[in-house]
Amino acid sequence: MALDYSKFPVNTGELRLVSLDSWASDITKAEWKLRVVSLHDPLTRYHALSYRWGAPINEEPFKSYTNELVAPIKIGNGELKVARNLLDFLVQVKEDQRLKDKEFWIDAICINQNDNDERSYQVSSMMAEIYRRANPVIAWLGDSDAHTKRAFDHMAKVADRNILPSLGIPTRRTGSEHSDEDEACWEAIGKIFDRTYWNRSWIIQELVLPEHVTLRCGAYSTDWDVFVKASHNIATSPLKQFYDSRPAEGTSSSTSSLKASRNYGVPAILKATKSTMTTEHWANVLLYTLIRSRDCEATELGDKAYALLGLIQGREGIEQLPPLLCPTYGKDCSPGKTYLDIATQLLTDCEDLLVLSCAEGFRNVKLNGADLPSWVPDWSVRYPLGLRVTGYKRYQADSIFFSPDTNFSREEKLTLWPATFDKNELTMTIRGMQVDKISFVAESKRDVVNCKPFPRFLDMLLRLPEKYGVTGEGRMEVFWRTVTKNTYGEARLPPPKGSSMGPSFTKWIKERMQSVVVSPENKNYWTNLKEAFNKFWPHDAEWLATTKGCESVSSMEFGSQFAYGEYLRPFVTEKGYVGLGSQNLQKGDTVWVVPRSRVLLIFRHLGEFDTQADHHCQLIGGAYLHGFMDGSWRGKKATKDDTQAIIIH
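Numbering (numbering that gives the first Met the number 0), first residue to last: 0 to 648.
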């Protein structure tokens, strides 16, 4: 007989807890019990489980695990089916003396998953507080395998910055210099981060909100802080290059086109999210976290946004969620409607128009059978889109509209430069000033990284004037600063003058030219460009000055910065301005500076809608335009009279 949840009714502020009632050697014969408690009762104590419903890792013996509820467990006089990965955790509860007497909150058991009203209420009003009050939250990575013990032992060493240099850190080139045991330790850590748990959207609130988190894999456990420190140390040491070059799970090392597993950064990102919560307005917290979690998965696509709402609930200015942000489950809910509502709310409440630079033309979901409006990001797209500088705080392209001695508040900016919406036409209107039109586009950075020919990339470099009119810099410096968004290092700041990035770029581009795989149809064009480039560099004064005495500089220094944000494409405008924007941009698109947008925006004209006063367009995405990011390029401030209405479809 199926479990009857009506025997355990929950009222406002209440939750169900599950615990082991009677032991049995067969987990499906063990008996469990539910009880209802008040979340706000100071005597309520429980562990909350953070886990994945499906396979914990995409290899045997776990590969066959799915989200399907196939394993029956006994609860009181009823039966409830759970997924295999959860069943493995219940086995640990049964066998671990530290857990067998505890009460747990587990969503698949403690929420009636067949009651959409209950699910919506728990997600919007209860779940964040449930994880915040849990002591501890158990992050369940799944059952252990042959790598787990070695990974947990070695992770503690990687977390200690003082002993990290003594661990014999490998690289792909020097890995053979280390013992088999060393290699096995580093590979074991990679296997832990291969686990699918790290891709879940829900882990963000589940691990950011509680005070205490224990991370568990089979019978092995450690404090969450160990993983946070290890994550930071990997991301800021040569280990980053080792794991970045590691092929994705289930592929051979020669499969260069497949993305390596880089989940090692997730714990450090979650720590950054926790820090953001204490310093930023709630709307920025939500948007920044959506950006940081773009690569995460959710079984229901709307949960890519709903999973983050717990981070903002109860914060100053948002005691209750606005109606547009309240989760709804059931037939009247669609991911497209959810993403539209999220974008509308963020554009209304965020001081900046940053959300517009997250809408880059990639689309999976539909809205009433049609594509989402171009100004609405599709958060189900898991590519690392945009300029990849969360918040863009160091860019100030829109400062051209504000006097240096003026310090507008968030409310004043929203009043002066509002975004308005037409709910029937699904358009939004802002004001902006056109800077120029794109006249030349190169290959995407992703094409270059993947060793495809890049003749237009080379052609663009050769076309640039010796001196860039906006900044007075040489063409080489302008080019490498543009394709890296003038960003370098952990601090994400502009490289200083005389930086080793210049010499690194010259080495990188020559190496990259040698690695290109040329097809018959583009062989002649590519060969001609290579010849032109080989004639150019031995006689170019800037090139020679840059490469002089740079034997010790590695091409990897530039290459790692270049590869950060692959879904971007360099371009040149009619006036010779050099920029970087969405890989979906085309010749003829226009570049605009827009109040409340720290970066420039690229639009595609929709002439059939135009009137004399308004500019109807499709949003393509955000852009870096070299020499324009501090707002000083014009020499004088712009006013509202210099702008026109931009109606975005």
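Just so it is clear, CB atoms sit at the ideal spot from N, CA and C, and this is done for glycine as well. Nothing here was measured: the structure is a model prediction, and the numbers come from that model.
- For the alpha helix (DSSP H) assignment, the uninterrupted runs of no fewer than 4 residues enclosed by the segment 271-325 are, from N- to C-terminal side, 281-291, 302-305.
- Taking each of THR638, ARG595, TRP591 in turn and checking the Cα distance to ARG603, the smallest one comes out for TRP591.
- Residue state for PRO71 is assigned as strand, using DSSP reduced to three classes.
- Its chain contains PHE192, TRP197 as the residues whose beta carbon lies nearer than 6 Å to that of ASN262, once the 5 sequence neighbours on both sides are disregarded; these appear in chain order.
- Considering only THR275, ARG132, HIS280, the residue with the shortest C-alpha distance to PRO209 is ARG132.
- Annotated three-state conformation of CYS184 is helix, per DSSP.
- Cα atoms of TRP201 and ASP302: separation of roughly 8 Å, rounded to the nearest angstrom.
- Residue pairing by DSSP places TRP22 in no beta bridge whatsoever.
- Spatial neighbours of ALA229 in its own chain (CB-CB distance under 6 Å, excluding positions within 5 residues in sequence) are listed in chain order as MET154, VAL157, ALA158.
- A straight line joining the alpha-carbon of PHE504 with that of TRP479 spans about 7 Å.
- Runs of alpha helix (DSSP H) with 4 or more residues, each lying fully within the segment 425-493, are found at 444-448, 454-462, 474-482, listed in chain order.
- Between THR147 and TYR242, the beta carbon gap of about 18 Å keeps them out of contact (Cβ cut-off 8 Å).
- Going by DSSP, SER119 is part of the alpha helix (DSSP H) stretching over 115-120.
- Per DSSP, reduced to three states, the secondary structure at ARG409 is helical.
- DSSP, read as helix, strand or coil, puts ASP613 in strand.
- Taking 7 Å as the cut-off, the beta carbon of THR572 is found closer than this to the beta carbon of ILE437.
- Ranked by Cα distance from VAL265, the options THR288, PRO55, THR27 are led by THR288.
- Looking at the backbone, the Cα of TRP31 and that of CYS295 are separated by about 32 Å.
- Between PHE7 and the set ARG474, GLY77, TRP525, the nearest pair of CA atoms involves GLY77.
- Taking 8 Å as the upper bound for CB-CB distance, PHE557 and MET500 are in contact here, some 6 Å apart.
- Look at ALA155 here: in three-state DSSP terms it is helix.
- Excluding residues up to 5 positions away in sequence, TRP374, ALA418, PHE420, ILE647 lie with their Cβ nearer than 6 Å to the Cβ of MET427 in the same chain.
- For ILE399, there is no enclosing alpha helix (DSSP H), as DSSP marks it with neither H nor E.
- Within the DSSP bridge table, the entry for PHE504 names no partner.
- Annotation: VAL593 to LYS80 spans about 54 Å, alpha carbon to alpha carbon.
- Look at the beta carbons and you see the segment 373-387 touching the segment 338-357: at least three pairs across the two are nearer than 8 Å.
- Your pair GLY360 and SER554 does not check out as a contact, with CB atoms roughly 31 Å apart and the cut at 8 Å.
- THR195 and MET512 have their alpha carbons spaced roughly 36 Å apart.
- Within the segment 328-379, the runs of alpha helix (DSSP H) that reach at least 4 residues and sit entirely inside it are, in chain order, 334-348.
- The three-state secondary structure of VAL207, taken from DSSP, is helix.
- Counting only the Cα atoms, TYR50 lies some 26 Å from LEU42.
- If you draw a straight line from the Cα of ASN134 to the Cα of HIS46, it comes to about 6 Å.
- C-alpha of ARG97 to C-alpha of GLY313: approximately 33 Å in a straight line.
- From the listed residues VAL90, ALA127, ILE129, the smallest Cα separation to ASP142 is found for VAL90.
- In this chain, the beta strand (DSSP E) harbouring SER37 covers 30-37.
- Spanning the alpha carbons of GLU510 and CYS450 requires a straight line of approximately 11 Å.
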